[in-house]
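For reference, the structure is listed below as structure tokens.
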Amino acid sequence: MAHDRDRDESLHGGIADLDAVGNLLQLEPLARRVLPPEVFAYIAGGACDERTVADARASYDRLALRPRVLVDVARRDRATTVLGMPLANPFLVAPTAMHALVHRRAELATAAAAREAGSIMVLSTLSTTPVEAVAAAAGGALWFQLYVYRDRGATAELLARVQQAGARALVVTVDAPMLGLRERDRAHGVSLPPGFRAPNVRADGESPAEALGTYFASLVDPSLSWRDLAWLRAQTELPIVLKGVLRADDAARAVAEGVAGVVVSTHGGRQLDGAIATIDALPEIAEAVAERAAVLLDGGIRRGTDVIKALARGADAVLLGRPVLWGLALGGQRGVAKVFALLERELDVAMALCGCARLDDIDASLVR
Ligand SMILES: Cc1cc2nc3c(=O)[nH]c(=O)nc-3n(C[C@H](O)[C@H](O)[C@H](O)COP(=O)(O)O)c2cc1C
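Residue numbers for the sequence shown follow my numbering, so the first one is 126 and each next one is one higher.
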């Protein structure tokens with residue numbers, strides 16, 4: 126049985142009864158019970174006082190919905206396209222590092238679940254499975270998240286691999302010139318697993334240091350600036366999306382520089398603590414972009430109504446970070462599939478109750 130295999134391959138035992146999970150918010154406390162405390166801390170935590178982590182949820186509670194009545198919602202259509210690629214629902218898998226921390230099949234299980242759900246996985250540079258293998262599991266539904274290395278030669282080699290493997294877009298993370306101060310990580314003594322190697326990092330590269338921050342600093346170029354975008358574009362034919370944009374002026378500049386999209390993101394509150402909640406940053410960014418590029422958003426999306434609020438404020442689609450890792454930890458591929466199924470069901474009901482038969486019906490007037 127697939128279920129048993131998923132559990133067997135779960136590093137920490139998973140849970141027996143995935144069917145009992147009723148919503149995405151229930152995943153975190155369940156995962157806390159099965160994961161080693163330092164792995165849980167690494168995934169759940171954020172920077173410093175974790176104000177931006179907390180605000181990601183609170184910001185959705187501050188917005189009220191204004192549903193329309195007497196609309197024919199007998200048939201609902203949740204499908205959309207982003208960068209010309211089809212999505213069954215307006216959500217993608219956010220890039221998160223090291224899925225092997227929670228499951229033996231790691232990124233392969235996540236990619237297979239995303240593919241089956243008609244979604245797209247954004248694979249982290251710091252994945253524990255090489256991009257080639259994940260691309261095969263994702264069957265074309267793969268984008269790649271890039272950290273630009275200090276070593277531009279290694280970055281160019283990686284970009285060639287990524288394109289060759291069949292990834293369809295490049296998501297360049299721009300909110301991490303250095304790693305945020307993860308105090309919860311320090312308190313729990315979070316370090317890289319023994320023998321850890323990021324297979325997307327050139328094999329003869331630096332050997333990992335103990336702490337993630339040190340490893341990150343040894344690899345990633347803190348001098349990256351707007352000037353480097355032209356260089357990046359010359360290295361790849363893939364559309365480029367900038368992840369971590371929180372201001373209209375940066376979004377406008379990104380569009381002027383020819384990027385295909387932006388992700389409004391605080392990196393899950395793991396970088397600058399005190400950064401504005403993404404749902405609050407979104408309206409000015411959507412206005413600045415003015416349909417000239419894709420606008421995506423992540424951070425704290427846990428409910429179907431959160432997706433509606435994000436689309437109402439101008440996002441084309443949203444990304445899910447931690448819930449996917451919790452699902453993977455609890456039930457491997459089936460656990461991730463459960464995350465998609467739960468959110469899909471919630472979005473479907475929320476659309477009906479808001480009087481929206483199609484995603485295009487979700488407009489700014491729906492929220493206050
Ligand atoms: C454990 C973990 C690892 C992450 N690793 C990366 C990464 O390698 N690259 C990246 O751009 N963002 C990374 N992120 C940020 C996510 O892409 C995303 O912005 C964030 O998790 C969204 O918020 P949510 O977890 O509330 O859904 C990571 C987040 C988590 C929780």
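Virtual Cβ for every residue (Gly too), placed ideally from N, Cα, C.
Nothing here was measured: the structure is a model prediction, and the numbers come from that model.
Restricting to Cα atoms, I'd like to know which of L208, N148, L226 is closest to L363.
Looking up residue 363 in the sequence shown gives position 238. When only C-alpha atoms are compared, the closest one is L208.
Using only Cβ atoms and a threshold of 5 Å, which residues come within that distance of a heavy atom of ligand 1? Order them by chain position.
I168, A219, P220, T221, A222, S249, L251, Q270, T298, S390, H392, G393, D423, G424, G425, G446, R447
Does the Cβ-Cβ distance between L143 and R358 come in under 8 Å?
For the purposes of this step, residue 143 is taken as the residue at position 18 of the sequence shown. For the purposes of this step, residue 358 is taken as the residue at position 233 of the sequence shown. No.
Alpha helix (DSSP H) containing I365: first to last residue?
Sequence index remark: in the sequence shown, residue 365 carries index 240 (1-based). From DSSP, I365 is part of no alpha helix (DSSP H) but of the beta strand (DSSP E) over 365–370.
Going along the chain, which unbroken runs of the beta strand (DSSP E) with 3 or more residues stay wholly within the stretch 156–218?
205–207, 210–212, 216–218
Close beta carbons around R307, own chain, < 7 Å, minus the five adjacent residues each side:
Here residue 307 corresponds to residue number 182 of the sequence shown, with the count starting at 1. Result list for R307: G170, A172, R395, in chain order.
Between the stretch 469–477 and the stretch 203–218, do three or more beta carbon pairs fall short of 8 Å?
yes
Report back the beta-carbon spacing between E232 and T254 to the nearest angstrom; my notes put them in contact at under 8 Å.
By 1-based counting over the sequence shown, the position of residue 232 is 107. By 1-based counting over the sequence shown, the position of residue 254 is 129. Yes, E232 and T254 are in contact; Cβ-Cβ is about 4 Å, under 8 Å.
Tell me the rounded alpha-carbon separation between H128 and G456.
By 1-based counting over the sequence shown, the position of residue 128 is 3. By 1-based counting over the sequence shown, the position of residue 456 is 331. The pLDDT assigned to H128 is 47, lower than 50, so where the model puts this residue is not dependable, and the model offers no usable value.
A355 to Y167, Cα distance in whole Å?
Counting from 1 along the sequence shown, the entry for residue 355 is found at position 230. Counting from 1 along the sequence shown, the entry for residue 167 is found at position 42. Computed Cα separation, rounded: 34 Å.
From which residue to which residue does the beta strand (DSSP E) around L271 run?
In the sequence shown, residue 271 corresponds to position 146, counting from 1. 267–271 is the span of the beta strand (DSSP E), which, as asked, contains L271.
Starting from D441, follow the alpha helix (DSSP H) in both directions and report where the run begins and ends.
The residue given as residue 441 occupies position 316 in the sequence shown. Here D441 belongs to no alpha helix (DSSP H), and DSSP marks it neither H nor E.
How far does the alpha helix (DSSP H) with A413 in it extend, from its first residue to its last?
Position 288 of the sequence shown, counted from the first residue, corresponds to residue 413. 403–414 is the extent of the alpha helix (DSSP H) around A413.
Give me, in chain order, the residues of the same chain whose beta-carbon lies closer than 6 Å to that of V159; leave out the 5 immediate sequence neighbours on both sides.
Working through the sequence shown from its first residue, we reach residue 159 at position 34. Only H137, G138 meet the Cβ criterion.
Buried or exposed for L150, please, with buried defined as at least 16 other CB atoms from any protein chain shown within 10 angstroms of its CB.
Position 25 of the sequence shown, counted from the first residue, corresponds to residue 150. Exposed: under 16 other Cβ atoms inside 10 Å.
So, is S252 buried or exposed, given that buried needs 16 or more other C-beta atoms within 10 angstroms?
The sequence position of residue 252 within the sequence shown is 127, counting from 1. Buried: at least 16 other Cβ atoms inside 10 Å.
Whether T221 touches G446 by CB criterion (8 Å)
By one-based count along the sequence shown, residue 221 stands at place 96. By one-based count along the sequence shown, residue 446 stands at place 321. Yes, they are a contact pair.
My output table needs one value for H224: the three-state DSSP class, helix, strand or coil.
By one-based count along the sequence shown, residue 224 stands at place 99. Three-state DSSP puts H224 in a helix.
How should A489 be labelled, buried or exposed, when 16 other C-beta atoms within 10 angstroms of its C-beta is the threshold for buried?
The residue you call residue 489 lines up with position 364 of the sequence shown. A489 comes out exposed.
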